[in-house]
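Working notes, beginning with the structure itself.
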Amino acid sequence: MSSNELISTKPPKERAFLVAAEIRDADRLMDTEDSLEELALLADTAGLEVVGETSQKLDRPNVSTYVGSGKVEEIAALAEETLADVIIFDDELTPRHLRELSKRFGDKVRVLDRTALILDIFAQHASTKAGRLQVELAQYEYRLPRLSHAWGHLGRQTGGASGRSGSVGGVGLRGPGETQLEVDKREIRKRITILKKEIDSLSDHRKRYRVQRKRSRIPVVALVGYTNAGKSTLLNKLSKSDVYAADQLFATLDPTTRRVILPGDRVCLFTDTVGFIQKLPTDLVAAFKSTLEEINEADLLLHVIDVSHYNAGAQFESVKQTLEEIGADNIPTVNVFNKADLLDGDPEETKKLLAETDPDACLISAKTGEGLDELRNAIMETLFEKMVPIRVRLPYTEGALIALFHDQGVVDYIESGRSDVVMSGSIPTRFLTSYQPFFEDDETDDDTEQIS
Numbered sequence: 105m106s107s108n109e110l111i112s113t114k115p116p117k118e119r120a121f122l123v124a125a126e127i128r129d130a131d132r133l134m135d136t137e138d139s140l141e142e143l144a145l146l147a148d149t150a151g152l153e154v155v156g157e158t159s160q161k162l163d164r165p166n167v168s169t170y171v172g173s174g175k176v177e178e179i180a181a182l183a184e185e186t187l188a189d190v191i192i193f194d195d196e197l198t199p200r201h202l203r204e205l206s207k208r209f210g211d212k213v214r215v216l217d218r219t220a221l222i223l224d225i226f227a228q229h230a231s232t233k234a235g236r237l238q239v240e241l242a243q244y245e246y247r248l249p250r251l252s253h254a255w256g257h258l259g260r261q262t263g264g265a266s267g268r269s270g271s272v273g274g275v276g277l278r279g280p281g282e283t284q285l286e287v288d289k290r291e292i293r294k295r296i297t298i299l300k301k302e303i304d305s306l307s308d309h310r311k312r313y314r315v316q317r318k319r320s321r322i323p324v325v326a327l328v329g330y331t332n333a334g335k336s337t338l339l340n341k342l343s344k345s346d347v348y349a350a351d352q353l354f355a356t357l358d359p360t361t362r363r364v365i366l367p368g369d370r371v372c373l374f375t376d377t378v379g380f381i382q383k384l385p386t387d388l389v390a391a392f393k394s395t396l397e398e399i400n401e402a403d404l405l406l407h408v409i410d411v412s413h414y415n416a417g418a419q420f421e422s423v424k425q426t427l428e429e430i431g432a433d434n435i436p437t438v439n440v441f442n443k444a445d446l447l448d449g450d451p452e453e454t455k456k457l458l459a460e461t462d463p464d465a466c467l468i469s470a471k472t473g474e475g476l477d478e479l480r481n482a483i484m485e486t487l488f489e490k491m492v493p494i495r496v497r498l499p500y501t502e503g504a505l506i507a508l509f510h511d512q513g514v515v516d517y518i519e520s521g522r523s524d525v526v527m528s529g530s531i532p533t534r535f536l537t538s539y540q541p542f543f544e545d546d547e548t549d550d551d552t553e554q555i556s
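Quick note: the sequence shown uses the working numbering, first residue 105, plus one each step.
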């Protein structure tokens, strides 16, 4: 056997052709060209080779084929010319879109949408039990309404005098396609139920762990940001650990928590979370609810932004939108502009520009360590020194929070009722999330007792 025969060769990558539609008057953070570029990065992360792309301007998506019928013929020709194995659309396609496009393109090429591509990447990167369960749940919930087109060739079989599938003596009998389809749907629904129970069990375990953390009064800081913004690299630098970090989309799926010592020997827990992306599938957000709870329970968010990216502004807005969707937009946040080492020009000028838009933001390089002292000080100030005014109505069953307000905060007003107590004053920022479920409008009754 020759030495050449001993060399193992990797199988060739599947070839992907990308398609986008620019819908008039649609709200979008990125223009079509930038969105297609991001789709190409997603395809590369999934192990595909991009061989071409095209786009079309539309007033609204075509009901049957998403893009126009003429465009469909053009895409089919381009896919054949580039020897594409898969055609990927830059938006989530409806079951009808997938069914009709699969008919038009034939069996030689597969049709995927952006959501399916992201789900595939998540499936490749999920490493823990929780991550795998959440990805599997998202995959099944995505596939369930799209099963029908897979069995369409059987459902079209007809028989009987009336021409209906399996119609005998006026009694409608289900054909083989419909029977198999219903069996598949029933099995998937069963699996979805099982997955949700398992995820809820893990979520309960995490919840108990978070309650213990809150009792210890150790602040929790969650790192959030667009995928590949450098969150894991920052966590490694701050905690002197070795969390997996790579220059690729969605390198981290499962939350990772590390202890970080701040100035004055203050201890914090920093949690790295899954990166966000524009057009993040709603099924994925729902499936990763237990993971995203780590964000909602944090005392402080560090929003990490790749300041060197040409689309940093759009990425910033995309993350803000997702935080609003999961109800985390009220948590105190420090904006962290990362990858300063990749910027051209004078970094001091960049700092001045950033200060004009956000005076509390930090410009850093997680790779070189530049600006990390300023970041640590900003975290210290926000968590331990900055006081925020609040007014809350606390049931007497929340005795720990009442005591915490007296112990760590400044109480200006208090009003005792039959079943609860209204308190107003100021508390350290790190305790804000604990009191959020009990917020009241900032109004004081005449008979409120003032505490001097």
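Think of the CB as a built atom: it goes at the ideal place given N, C-alpha and C, for glycine as much as any other residue. If you're wondering where the values come from, they're calculated on a predicted model, not measured in any experiment.
Subject >> D524: first and last residue of the uninterrupted beta strand (DSSP E) it sits in >> reply: D524 to P532
**OP:** Give the secondary structure of Q228 by DSSP, where H, G and I count as helix, E and B as strand, and everything else as coil.
**Re:** Three-state result, Q228: helix.
Original post:
What's the gap between the Cα of F226 and the Cα of G156?
Top reply: 24 Å
Subject >> Whole-angstrom distance between R132 and Q419, CA atom to CA atom >> reply: 11 Å
**OP:** With DSSP as the reference, please indicate the residues paired to N400 in a beta bridge.
**Re:** None, per the DSSP bridge assignment.
Subject >> Cβ contact (3+ pairs, closer than 8 Å) linking the stretch 282-295 and the stretch 325-344 >> reply: no
Original post:
Around the Cβ of Y246, are there at least 16 other Cβ atoms within 10 angstroms (buried) or fewer (exposed)?
Top reply: buried
Original post:
Under the DSSP definition of a beta bridge, which residues are partnered with G172?
Top reply: BP columns for G172 are empty, so no partner.
**OP:** Return the CA-CA distance between L342 and I531, expressed in angstroms with no decimal places.
**Re:** 26 Å
Original post:
By DSSP, does T198 sit in helix, in strand, or in coil?
Top reply: coil
**OP:** Please name the residue in Y500, G329, D410 and L197 whose C-alpha comes closest to that of G521.
**Re:** Closest by alpha carbon: Y500.
Original post:
Would you call the stretch 137-147 and the stretch 168-176 touching, i.e. three or more CB-CB distances under 8 Å?
Top reply: no
Original post:
In three-state DSSP terms, what is L248?
Top reply: Three-state DSSP puts L248 in a helix.
**OP:** Could you tell me the boundaries of the alpha helix (DSSP H) in which E429 lies?
**Re:** That run of the alpha helix (DSSP H) goes A416 to E429.
Subject >> Cβ neighbours of K455 in the same chain (closer than 8 Å, five flanking residues each side left out) >> reply: Excluding sequence neighbours, K455 sits near L467.
Original post:
Can you give the Cα-Cα distance for F535 and E153, rounded to whole angstroms?
Top reply: 48 Å
Original post:
Any idea what DSSP makes of K335, helix, strand or coil?
Top reply: helix
Original post:
Buried or exposed: where does K443 fall if 16 or more other Cβ atoms within 10 Å of its Cβ makes it buried?
Top reply: buried
**OP:** Since I believe F374 is in contact with T361 (beta carbons under 8 Å), could you give me their beta-carbon distance rounded to a whole number of angstroms?
**Re:** Confirmed, Cβ separation roughly 7 Å.
Subject >> Complete runs of the beta strand (DSSP E) confined to the stretch 125-177 [at least 3 residues] >> reply: 153-162
Subject >> Per-residue DSSP class, three states only, for R480 >> reply: helix
Original post:
Straight-line CA distance for L306 to E453?
Top reply: Using only the alpha carbons, I get a separation of about 47 Å.
Subject >> Beta-carbon contacts of S412 that lie in its chain and below 6 Å, excluding the five residues immediately before and after >> reply: Around S412: K443, L446 and L447.
Original post:
Under the rule that 16 or more other beta-carbon atoms within 10 Å means buried, what is I365, buried or exposed?
Top reply: Exposed is the call here.
Original post:
Helix, strand or coil: which one does DSSP assign to H407?
Top reply: Three-state result, H407: strand.
Original post:
Under the DSSP definition of a beta bridge, which residues are partnered with D516?
Top reply: Paired residue(s): none; D516 is not in a bridge.
Subject >> Collapsed DSSP secondary structure at I494 in the structure displayed >> reply: strand
Subject >> Which residues DSSP lists as bridging D539, in chain order >> reply: Here residue 539 turns out to be Tyr, not Asp, going by the sequence shown. The beta-bridge partner set that DSSP reports for Y539 is empty.
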